[in-house]
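**Q** Residue numbers (our numbering), protein chains in the order written: chain A, 1 to 474; chain B, 475 to 911.
Ideal Cβ positions, reconstructed from N, Cα and C, are used throughout, including at glycine.
Note that the structure is a prediction, hence the values are computed from the model and not measured.
The structure is given below, and queries will be raised subsequently.
As structure tokens, this is what we get:
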């Protein structure tokens, strides 16, 4: 599904985000998704491959100078292009990653293993004994190797680390129902917090509009690199962020109660049901005028977007399940602080949970959050993922790995936690054909740790995305 | 001037004694011996097979099993395979549901958080679950001076008086003074609107306090010549006399230096709190001699002053020779996870010894309670915790928390355990409305 990020030495493919296909995606939970087909960017000037440092602006400025000046001599141009090609070649050189333990997430961990990377993809995975590393491969070595980690719910890139008006685009306060707000239109790929996630081993993040409105807007999935949102994009339109609970009334005059919020949501969904029927009319003349709000909701009702419903209290979780029963949309429950009270109900509904940060503050709707809820979800067979979530104050982003680590410290099985940070979340979003495990042909998003990834005192020493080394610890 | 202080002291101590003694908490007459564990004394040796003996609320012996006898009448706690270390000391927290000064002024040295603490707050149980036994509970940072802090021992009692840690009974000192600079106190009048105005207002008030101090001194206890009592200036005189330590919230490097400049001018004792930018001015902090208390948060930012918050602050301060510790700033970070902070410092190169000190003895020094808390030494309060493993491992849990020879929290007790895990209405949302805009 979604965008395919094909890179070679000479150019790369840009995405077009407005090509919609209704082909169902391979997700376990989702009936379909917006599809974006790759298309060769037809700009006269070849753009360099993404910077090897997420926040490194120097290459970009240099290149923009080149692009904007039509008077540069051909000789200078050729020299620059050659420089770029050499740089791109070295950045995408074939690599071998050797680890004492390699968690492939495909079967048992490999002791003394090696991962070969070719052209940004995983070429081969196995034990050092069975794989001969070609002589021209650049070698990296470390204690523990894992797939790039996936943060299942964030606002990073819309919310910035300064926490000032100019970098807080995660929530629009003018109306409580804004399903038309696209995450791609607000994402700052150069936000410091994106680089911060990368340094901590997060290579893919599901980010977008924050909880806090009845419908606060859309979400998307990006890699934690790229100079532009297009370069970062994995999936442009993943879910509609919907919130049930008391936090909504602190942001809006209406709704002022839980039940009013649900009423507003149902009314809008019923409008969207009618809109969906009309827009599929065989006679184009009888189709309705485009309504961006209803269009997004109709896409959700058609199963092409998830309903990502933030529901912390038990009554809010039950409301989410009730709405899902009524309207049949693909549902993910976000937060779920009191999920331990409703394990049977959630399991019976077959709904996955993106659990609140383990270390979330126990106040307001998350007052009853517990350190062991992810463990209980796991034992109940409920698919779950970890997230960084959203805080109005600090930390401006959490690290999903740290949240998983504390859950492990309080009893969650280590491998279950690692799966939740990788393959399970990839699978939840229908991306397990691309990322989430170390398997031949998948994108080479890989982290090398200098010890147990969950241990406080160990950390990533190398982070690769699409085979590029984007972070190296001193 | 301090004619009233002995009365306050007598009242408070009397209250404390009546309640505390009647609760029986101090009547730990039978010795307790912890055996089989690795015992980290922090200030001395780490004993691989140690013995810790406590009686009447204090440590009577600690050392190697081969040399420290277990008293014949002792209750023996077999802690084989465990690690025992001092109860943690948190030098900056907002547990206990207290408050401080209001919006009528930016300077409230007269305001006592003592008068607002809820001793039954579930936040105290949460802290015990994290191994915290002594804590500096402070009002917030939205004022230049938001009020007097309290040093509390987290005894499970009914009154705040029974929780107080007396630093100086003669002078009636059981806490410090919370101050702040940088952006938090900047608001509409009567608050300052700029950093320079902030400093000017603090200087003006301390100059008034000096004058008040001089008038009291000149009066030589002659009631007719004594100035009218001024609760605010009285407190600042305690600061000027070195009896009450200033706990100064400060983030940006220049704000840190401004705090140092003011403390130098008036000669008061001060701890620099949060110190986001300390890694930029580590040598200046070291040269000043003021200790620092670090906040560690999982990501930088949240406000402009905190965009340079880095885990490397601790090893940088260690290298520079600054005396520093960590604090929770609960609810900014969770008291149950206090040991994460030095662990992340260790991740960036902080030594193990300093990491251990940074949540124990270093913080006790910052509160003038190092003679009683922060290490396992004979004569000190028998405050210790039993851990399942290495203090800096994510897999380690606090299993028991002891205060003055009494077990006050035990993970095996379901009523206690729920405070470690949360959920099921354990936490009632209590907590200081800590606002840091």
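1. Mind listing which residues of the region 162-177 of chain A have their C-beta closer than 8 Å to chain B's C-betas, in chain order?
2. Check whether chain A comes within 8 Å of residue 797 of chain B, counting only Cβ atoms and requiring the distance to be less than that.
3. Could you pull out every unbroken alpha helix (DSSP H) segment of at least 4 residues lying fully inside the region 99-143 of chain A, listed in chain order?
4. Might you give, ordered along the chain, the residues of its own chain that have their beta carbon closer than 8 Å to the beta carbon of residue 347 of chain A, omitting 5 neighbours on each side?
5. Chain A beta carbons: is any one of them nearer than 8 Å to that of residue 895 of chain B?
6. Residues bridged to residue 632 of chain B by DSSP?
7. Looking at the strands, I want to know which residues DSSP matches up with residue 591 of chain B.
8. Anything in the region 393-415 of chain A with a Cβ closer than 8 Å to a Cβ of chain B? List those residues in chain order, please.
9. Starting from residue 317 of chain A, trace the alpha helix (DSSP H) in both directions and tell me its first and last residue.
10. With a Cβ-Cβ cutoff of 8 Å, do residue 526 of chain B and residue 882 of chain B count as a contact?
11. Let's test the definition: count the other Cβ atoms within 10 Å of the Cβ of residue 373 of chain A and tell me whether it reaches 16, buried, or not, exposed.
12. From the DSSP output, read off the bridge partner residues of residue 610 of chain B.
13. Using the C-alpha atoms, what's the distance from residue 394 of chain A back to residue 356 of chain A?
14. Rounded to the nearest angstrom, what separates residue 528 of chain B and residue 707 of chain B at their Cα positions?
15. Kindly list the residues whose CB is nearer than 7 Å to the CB of residue 370 of chain A, restricted to its own chain and excluding five residues on each side of it in sequence; keep chain order.
16. Going by C-alpha distance, which of B/577, B/677, B/549, B/641 is nearest residue 621 of chain B?
17. Rounded to a whole number of angstroms, what is the C-alpha to C-alpha distance between residue 72 of chain A and residue 205 of chain A?
18. Below 8 Å CB to CB, which residues in the same chain sit around residue 65 of chain A once its five sequence neighbours on both sides are set aside?
19. Assuming residue 102 of chain A and residue 140 of chain A make a contact with CB atoms under 8 Å, what is their CB distance in whole Å?
20. Using CA atoms only, rank isn't needed, just tell me which of B/697, B/765, B/890, B/778 is closest to residue 841 of chain B.
21. Hey, could you find the ends of the beta strand (DSSP E) residue 722 of chain B is sitting in?
22. Looking at C-alpha atoms only, which residue of B/877, B/775, B/892 is the closest neighbour of residue 629 of chain B?
23. Give me the chain A residues within the contact set of residue 820 of chain B, using Cβ-Cβ distance strictly less than 8 Å, ordered along the chain.
24. Of all Cβ atoms in chain A, is any one closer than 8 Å to the Cβ of residue 811 of chain B?
25. Give me the residue from A/456, A/433, A/117 with the minimum Cα distance to residue 867 of chain B.
26. Under 8 Å, CB to CB, which of the residues in the region 363-375 of chain A have a partner in chain B?
27. Would you report the Cα separation of residue 186 of chain A and residue 687 of chain B, rounded to the nearest angstrom?
28. Using a Cβ-Cβ cut-off of 8 Å, state whether residue 359 of chain A counts as contacting chain B.
29. Give the secondary structure of residue 841 of chain B by DSSP, where H, G and I count as helix, E and B as strand, and everything else as coil.
30. Can you give, in chain order, each stretch of the alpha helix (DSSP H) that sits fully within the region 647-729 of chain B and has at least 4 residues?
31. Do residue 805 of chain B and residue 313 of chain A count as a contact pair if the criterion is CB distance below 8 Å?
32. Would you be able to state if there are at least three C-beta pairs under 8 Å between the region 823-843 of chain B and the region 526-545 of chain B?
33. Can you tell me whether residue 506 of chain B is buried or exposed? The criterion is at least 16 other CB atoms within 10 Å of its CB, across all chains shown.
34. With DSSP as the reference, identify every bridge partner of residue 560 of chain B, one or two as the case may be.
35. Does the pairing of the region 400-407 of chain A with the region 384-392 of chain A give three or more beta-carbon distances under 8 Å?
36. Once the 5 residues before and after residue 256 of chain A are set aside, which same chain residues still bring their CB inside 8 Å of it?
**A** So, from the listed chains and residues:
1. Listed by position, the residues of the region 162-177 of chain A near chain B (Cβ gap below 8 Å) are 162, 163, 164.
2. To locate residue 797 of chain B, count along the second chain from 1; it is residue 323. Look at residue 797 of chain B: its C-beta is not under 8 Å from any C-beta on chain A.
3. Within the region 99-143 of chain A, no complete alpha helix (DSSP H) run reaches 4 residues.
4. Mapped onto the first chain, residue 347 of chain A falls at position 347. So the list reads 380, 381, 382, once near-sequence residues are dropped.
5. Walking along the second chain from the start, residue 895 of chain B turns up at place 421. Yes, its Cβ sits closer than 8 Å to a Cβ of chain A.
6. Start at 1 with the first residue of the second chain, and residue 632 of chain B comes out as number 158. In the DSSP assignment, residue 632 of chain B forms no beta bridge with any residue.
7. Locating residue 591 of chain B in the second chain gives position 117, where the first residue counts as 1. BP columns for residue 591 of chain B are empty, so no partner.
8. Correct list: 393, 394, 395, 396, 397, 398, 399, 402, 405, 406, 408, 409, 410.
9. The residue labelled residue 317 of chain A in the question sits at position 317 within the first chain. Unbroken alpha helix (DSSP H) run through residue 317 of chain A: 314-327.
10. As a working note, residue 526 of chain B is residue 52 in the second chain. As a working note, residue 882 of chain B is residue 408 in the second chain. Their beta carbons are not under 8 Å apart, which means residue 526 of chain B does not touch residue 882 of chain B by this criterion.
11. By one-based count along the first chain, residue 373 of chain A stands at place 373. Note on residue 373 of chain A: 16 or more other CB atoms within 10 angstroms of its CB, so buried under the neighbour-count rule.
12. Numbered from its first residue, the second chain carries residue 610 of chain B at position 136. For residue 610 of chain B, which the question treats as bridged, DSSP gives the partners B/625.
13. Here residue 356 of chain A is taken as the residue at index 356 of the first chain, counted from 1. Here residue 394 of chain A is taken as the residue at index 394 of the first chain, counted from 1. Spanning the two alpha carbons is a distance of roughly 15 Å.
14. The residue labelled residue 528 of chain B in the question sits at position 54 within the second chain. The residue labelled residue 707 of chain B in the question sits at position 233 within the second chain. Taking the straight line joining both Cα atoms gives about 42 Å.
15. Locating residue 370 of chain A in the first chain gives position 370, where the first residue counts as 1. Around residue 370 of chain A: 340.
16. For the purposes of this step, residue 621 of chain B is taken as the residue at position 147 of the second chain. Comparing alpha carbon positions, the residue from B/577, B/677, B/549, B/641 closest to residue 621 of chain B is B/577.
17. Position 72 of the first chain holds residue 72 of chain A. Position 205 of the first chain holds residue 205 of chain A. For residue 72 of chain A, the pLDDT reaches just 47, beneath the cut-off of 50, and the residue's location in the model is therefore unreliable, although a value from the coordinates is still provided. Using only the alpha carbons, I get a separation of about 39 Å.
18. Walking along the first chain from the start, residue 65 of chain A turns up at place 65. Because the pLDDT at residue 65 of chain A is just 39, under 50, the model does not fix this residue reliably, and the point stays unresolved.
19. Translated into the one-based positions of the first chain, residue 102 of chain A becomes position 102. Translated into the one-based positions of the first chain, residue 140 of chain A becomes position 140. 12 Å between Cβ atoms; not a contact.
20. Looking up residue 841 of chain B in the second chain gives position 367. For the options B/697, B/765, B/890, B/778, the alpha carbon positioned closest to that of residue 841 of chain B is the one of B/765.
21. Taking the first residue of the second chain as 1, we reach residue 722 of chain B at position 248. First-last of the beta strand (DSSP E) with residue 722 of chain B: 720-724.
22. Position 155 of the second chain, counted from the first residue, corresponds to residue 629 of chain B. Comparing Cα positions, the closest option is B/877.
23. Working through the second chain from its first residue, we reach residue 820 of chain B at position 346. For residue 820 of chain B, the neighbours in chain A by C-beta distance under 8 Å run, in chain order, 456, 457.
24. Here residue 811 of chain B corresponds to residue number 337 of the second chain, with the count starting at 1. The C-beta of residue 811 of chain B comes closer than 8 Å to at least one C-beta of chain A.
25. For the purposes of this step, residue 867 of chain B is identified with residue 393 of the second chain, where counting begins at 1. Measuring from the Cα of residue 867 of chain B, the nearest candidate turns out to be A/456.
26. Against chain B - using a Cβ distance shorter than 8 Å - the residues of the region 363-375 of chain A are 363, 364, 367, 368, 369, 370, 371, 372, 373.
27. Locating residue 186 of chain A in the first chain gives position 186, counting from the first residue. Locating residue 687 of chain B in the second chain gives position 213, counting from the first residue. Using only the alpha carbons, I get a separation of about 58 Å.
28. Here the question's residue 359 of chain A lines up with position 359 in the first chain. The beta carbon of residue 359 of chain A falls within 8 Å of a beta carbon belonging to chain B, placing the residue at that interface.
29. On the second chain, position 367 is the one that residue 841 of chain B refers to. Three-state DSSP puts residue 841 of chain B in coil, outside helix and strand.
30. Runs found: 669-693, 705-714.
31. What you label residue 313 of chain A is simply residue 313 of the first chain in a count that begins at 1. What you label residue 805 of chain B is simply residue 331 of the second chain in a count that begins at 1. No; because the gap between Cβ atoms is not below 8 Å, this pair is not in contact.
32. They do not touch, by the three-pair rule.
33. Locating residue 506 of chain B in the second chain gives position 32, where the first residue counts as 1. With a 10 Å radius around the Cβ and a threshold of 16 neighbouring Cβ atoms, residue 506 of chain B comes out buried.
34. In the second chain, the residue the question calls residue 560 of chain B occupies position 86. According to DSSP, which records beta bridges pairwise, residue 560 of chain B is partnered with B/858.
35. Of all C-beta pairs linking the region 400-407 of chain A to the region 384-392 of chain A, three or more are shorter than 8 Å, placing the two stretches in contact.
36. For the purposes of this step, residue 256 of chain A is identified with residue 256 of the first chain, where counting begins at 1. Same-chain partners within the cutoff: 249.
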